[in-house]
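Numbering (my numbering), first residue to last: 12 to 275.
Structure below.
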């Protein structure tokens, strides 16, 4: 029998993401059109998610990319020309997007493809379901190498869910593959199962699905406290400006002397 691709209808006129309704399974496919996050892409994601909140007839939202990797996260070289406040606002926006992903009435799905870096992994882990190619081997948290920390939810809410995994790969900065995700109890399904899973979701009761997702939501107060602490740490990290001198980071003795001098 000849394979017939599912019929899709494009909606919205975004520049950084492409959105298509999948009619057969009542899903929304969101494809990233560039390899990194920036202000415009985050704005488009935020706008699209707002639309999803009021369109509960959509059963699932599938995120993928036109590139080999799902995304590289933020392009840290672009931070060189941004103020501290603008960088914080970028992380705040991404943090809000990640929290919205957890609260959507739809089942959220991310296809890693062959991997992802930094904040893009955080985004994917905020989704309900994760898929990847069986040979996916290009994952890495290397923001410490660039004098930064990830304030988009990785070191606050997600650390509570995957503590050993995040501690190991953030503090080493080494790359890892799909087997490491699975060995740390992160359930990443084979990309070959994607169409079958989407068809299964399409058959579910929308009301029951929303109720199930509500039952799995974290405590709001705990999430807010973690977010506040994380952005205080990010602000302090940016104040040191190590991200502007990669490879020549300020040592703790220098920082202590500067702080003492300012106090005097």
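Note that beta-carbon positions come from the ideal geometry of N, C-alpha and C, so glycine has one too. Just so we're clear, the structure is a prediction, and the values are computed from it rather than from any experiment.
query                                                                                                                                                                         : result
Would you report the Cα separation of residue 248 and residue 33, rounded to the nearest angstrom?                                                                            : 43 Å
Grouping DSSP H, G and I as helix and E and B as strand, with all else coil, what is residue 259?                                                                             : coil
Report yes if the C-beta distance between residue 157 and residue 102 is below 8 Å; otherwise report no.                                                                      : no
For residue 142 versus residue 210, is the C-beta distance shorter than 8 Å?                                                                                                  : no
In three-state terms, what does DSSP make of residue 269?                                                                                                                     : helix
Nearest by alpha-carbon distance to residue 46: which of 60, 28 and 94 is it?                                                                                                 : 28
Excluding the five sequence neighbours on either side, which residues of its own chain have a C-beta within less than 7 Å of the C-beta of residue 67, listed in chain order? : 116 and 217
Give me the Cα-Cα distance between residue 160 and residue 122, rounded to the nearest whole angstrom.                                                                        : 24 Å
Could you pull out every residue in the same chain whose Cβ sits closer than 6 Å to the Cβ of residue 83, ignoring the five residues on either side in sequence?              : 46, 47 and 128
Quick test of the definition: if touching needs 3 or more C-beta pairs under 8 Å, does the segment 53 to 64 touch the segment 103 to 114?                                     : yes
Using the Cα positions of residue 22 and residue 72, report the straight-line distance between them to the nearest angstrom.                                                  : 13 Å
Comparing alpha-carbon positions, which option in 30, 77, 162 and 138 lies nearest residue 118?                                                                               : 138
May I ask you to report which of helix, strand or coil DSSP gives residue 222?                                                                                                : helix
Which two residues bound the contiguous beta strand (DSSP E) that contains residue 288?                                                                                       : Residue 288 is absent from the structure shown; the chain starts at 12 and stops at 275.
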